[in-house]
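Numbering-wise, the working numbering puts 57 at position 57 of the sequence shown, and it's gapless, one number per residue.
All C-beta atoms in this analysis are idealised placements derived from N, C-alpha and C, irrespective of residue type, glycine included.
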Amino acid sequence: MKYFRLLLVLAMVSPCAAFAEEEVPYQRTENLVYTLTSGVGLVMDVFTPKEEKNGLAIIDVLSGAWYSEQGQVNDHIRGQMFNIYCSRGYTVFMVRPGSRTLFTAEEMVGHLRIAIRYIKDHAEDYQIDPDRIGITGASAGGHLTLATLVSISSDPDLSLKTGAVFFPPTDFLDYGGETANFERIGDILFKCGLEGHTDEEVKEKAAAISPALQIKTALPPVLLIHGDADRAVPLQQSEKMLKVLKDAGGEAKLIVKEGGGHPWPTIPEEVAIMADWFDGHLKD
Numbered sequence: 001m002k003y004f005r006l007l008l009v010l011a012m013v014s015p016c017a018a019f020a021e022e023e024v025p026y027q028r029t030e031n032l033v034y035t036l037t038s039g040v041g042l043v044m045d046v047f048t049p050k051e052e053k054n055g056l057a058i059i060d061v062l063s064g065a066w067y068s069e070q071g072q073v074n075d076h077i078r079g080q081m082f083n084i085y086c087s088r089g090y091t092v093f094m095v096r097p098g099s100r101t102l103f104t105a106e107e108m109v110g111h112l113r114i115a116i117r118y119i120k121d122h123a124e125d126y127q128i129d130p131d132r133i134g135i136t137g138a139s140a141g142g143h144l145t146l147a148t149l150v151s152i153s154s155d156p157d158l159s160l161k162t163g164a165v166f167f168p169p170t171d172f173l174d175y176g177g178e179t180a181n182f183e184r185i186g187d188i189l190f191k192c193g194l195e196g197h198t199d200e201e202v203k204e205k206a207a208a209i210s211p212a213l214q215i216k217t218a219l220p221p222v223l224l225i226h227g228d229a230d231r232a233v234p235l236q237q238s239e240k241m242l243k244v245l246k247d248a249g250g251e252a253k254l255i256v257k258e259g260g261g262h263p264w265p266t267i268p269e270e271v272a273i274m275a276d277w278f279d280g281h282l283k284d
């Protein structure tokens with residue numbers, strides 16, 4: 001995580017860092033509660049363009065290693081996400097789905113479904129089109145983004161028009177040619193970890209939260225961006241997701257960042273590419 005933040009600090013001084021902190025193109029509303037669960041308020045921040053809005057919205061799933069904390073917020077800000085999207089007129093809803101200290105991955109996906117419903121129900125308030133919303137996330141946020149797209153694929157009331165993700169885990173049973181380290185992710189599988197669960201139960205749950213194993217029908221168009229030097233999430237995870245998405249009849253594209261780790265110093269360049277993707281799939 002410290003390495004991740006260092007890279008984004010470096011990105012701030014790259015030529016892509018076009019906005020100084022005092023010149024941000026958005027107004028930010030912080031800690032808007034979108035639901036209460038188990039006595040915990042789950043929140044989102046809303047980034048509204050200062051200039052002309054385009055009437056479109058992007059949901060940014062805030063999660064790193066399945067934690068949703070202030071450090072991840074700072075990472076997204078330093079990565080220029082809100083600057084880039086809001087400068088193009090997008091309203092961005094940065095949704096915190098909760099952290100693994102309290103919630104499993106399945107529960108986080110359920111929270112994102114609630115957040116989508118909240119955003120759509122309040123579309124008029126934010127002057128956005130509820131039928132033209134995209135979703136994005138990175139790493140664990142990318143995993144939750146894809147899992148959510150799979151989850152809502154049969155629910156027209158929650159449908160989203162497109163997604164774009166960075167280096168997402170997609171198949172915990174085939175994680176670069178072997179199973180994922182279940183001991184490390186036990187608390188996103190079961191609320192109290194692996195204790196008391198058989199190997200079969202663990203694998204069944206891991207499959208259930210693996211979006212590449214759960215796609216039954218075509219999803220909305222998906223862009224994946226992944227570095228070929230990623231030691232945290234193998235490139236194979238995006239390659240497999242690309243194949244599964246296409247085999248199901250959906251539109252999908254994978255951009256491989258040569259030498260890219262998890263992430264890389266010039267990631268704002270790829271955020272701009274994602275913005276181009278959203279322009280192409282939300283504006284039509």
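Between which residues of its own chain and residue i is the CB-CB distance below 6 Å, once the five residues before and five after are set aside?
i	result
Gly249	Ala218
Trp277	Ala164 and Leu223
Ala212	Thr170, Asp171, Lys240, Met241 and Val244
Thr145	Val61, Ile135, Gly137, Gly163 and Val165
Ile273	none
Phe82	Tyr26, Phe47 and Val92
His111	Leu42, Pro97 and Gly98
Ala105	Ile188 and Ile209
Ile255	Ile225
Ser238	Leu224, His226 and Leu254
Trp66	Arg100, Ala140 and Ile188
Gln236	Gly176
Glu30	Asp45
Below 8 Å CB to CB, which residues in the same chain sit around residue i once its five sequence neighbours on both sides are set aside?
i	result
Val13	Any answer about Val13 is weak, because its pLDDT of 38 lies below 50 and its placement is not dependable; what the coordinates show is given next. There are no such residues.
Ser38	Leu102
Ile133	Leu56, Ala57, Ile58, Ile59, Ile116, Ile119, Lys120, Leu160, Lys161 and Leu282
Glu69	Ser99
Ala20	Low per-residue confidence applies at Ala20: pLDDT is 48, beneath 50, and the placement is therefore not dependable, though the value from the model is reported in the following sentence. Excluding sequence neighbours, Ala20 sits near nothing in its chain.
Glu183	Leu194
On the DSSP letters alone, give me the boundaries of the alpha helix (DSSP H) that residue i sits inside.
i	result
Phe299	The question about residue 299 has no answer, for the chain in this structure spans 1 to 284.
Arg28	That residue, Arg28, is in no alpha helix (DSSP H); its beta strand (DSSP E) goes Tyr26 to Thr37.
Ala212	Pro211 to Gln214
Phe190	Per DSSP, Phe190 belongs to no alpha helix (DSSP H) and is neither H nor E.
Thr145	Ala140 to Ser151
Leu56	Counting along the chain, Leu56 falls outside any alpha helix (DSSP H), and DSSP gives it neither H nor E.
Ala294	Residue 294 cannot be examined here, being either before or after the span of the chain that is shown, 1 to 284.
Val202	Asp199 to Ala208
Phe82	Met81 to Ser87
Are the CB atoms of residue i and residue j nearer to each other than 8 Å?
i	j	result
Leu158	Arg113	yes
Val109	Ser151	yes
Val61	Thr136	yes
Ser50	Gln72	In the sequence under discussion, the amino acid at residue 50 is Lys, which differs from the Ser named in the question. Contact flag unset, no.
Pro226	Lys253	Looking at the sequence itself, residue 226 is His, so the reference to Pro does not match. No, they are not a contact pair.
Pro220	Leu149	yes
Gly142	Phe167	yes
Straight-line CA distance for residue i to residue j?
i	j	result
Thr35	Asp230	35 Å
Thr101	Leu194	14 Å
Val9	Ser153	In this predicted model, Val9 has a pLDDT of only 39, less than 50, meaning its place in the structure is not dependable enough to derive any value.
Leu245	Ile215	8 Å
Leu192	Ile185	Note on identity: in this sequence residue 192 is Cys, with Leu being the wrong assignment. Near 11 Å, if we compare the C-alpha coordinates of Ile185 and Cys192.
Gln315	Pro268	The structure shown does not extend to residue 315, since the chain is modelled only from 1 through 284, so no value can be given for it.
Ser63	Asp284	29 Å
Asp155	Lys205	22 Å
Gly314	Thr198	Only positions 1 to 284 of the chain appear in this structure, which leaves residue 314 out of reach.
Glu124	Ser87	21 Å
Ala180	Asp75	25 Å
Val24	Arg78	12 Å
Glu178	His262	20 Å
Asp129	Glu200	44 Å
Glu107	Glu251	28 Å
Val40	Asp247	40 Å
Ala11	Ala147	Here Ala11 scores only 40 on pLDDT, less than 50, and its place in the model should not be relied on; the value that follows carries that caveat. Their Cα atoms are separated by approximately 29 Å.
Asp290	His122	The question about residue 290 has no answer, for the chain in this structure spans 1 to 284.
I'd like the list of long-range same chain contacts for residue i, defined as Cβ closer than 7 Å, with 5 residues on each side in sequence excluded.
i	result
Lys53	Gly89, Thr91 and Gln127
Met44	Leu32, Tyr34, Phe93, Met94, Val95, Arg96 and Ala115
Phe190	Thr104, His197 and Lys205
Ala271	Position check: residue 271 holds Val in this sequence, whereas Ala was assumed. Hits under 7 Å: Gly79, Gln80, Met81 and Ile84.
Ala207	Leu173 and Leu213
To the nearest whole angstrom, what separates the beta carbons of residue i and residue j, a pair I think is in contact under 8 Å?
i	j	result
Ser210	Phe172	5 Å
Tyr175	Pro234	7 Å
Ala232	Tyr85	Not quite, the Cβ-Cβ distance comes to about 25 Å (not below 8 Å), so this is no contact.
Gly196	Asp228	Rounded, the Cβ-Cβ distance is 39 Å, inconsistent with contact.
Residue range of the beta strand (DSSP E) that residue i falls in?
i	result
Ile225	Val222 to Gly227
Val73	Per DSSP, Val73 belongs to no beta strand (DSSP E); it is in the alpha helix (DSSP H), Gln70 to Arg78.
Asp157	From DSSP, Asp157 is part of no beta strand (DSSP E); its letter is neither H nor E.
Leu235	Premise fails: Leu235 lies in the alpha helix (DSSP H), Leu235 to Asp247, not in any beta strand (DSSP E).
Phe47	Val40 to Pro49
Leu254	Ala252 to Lys257
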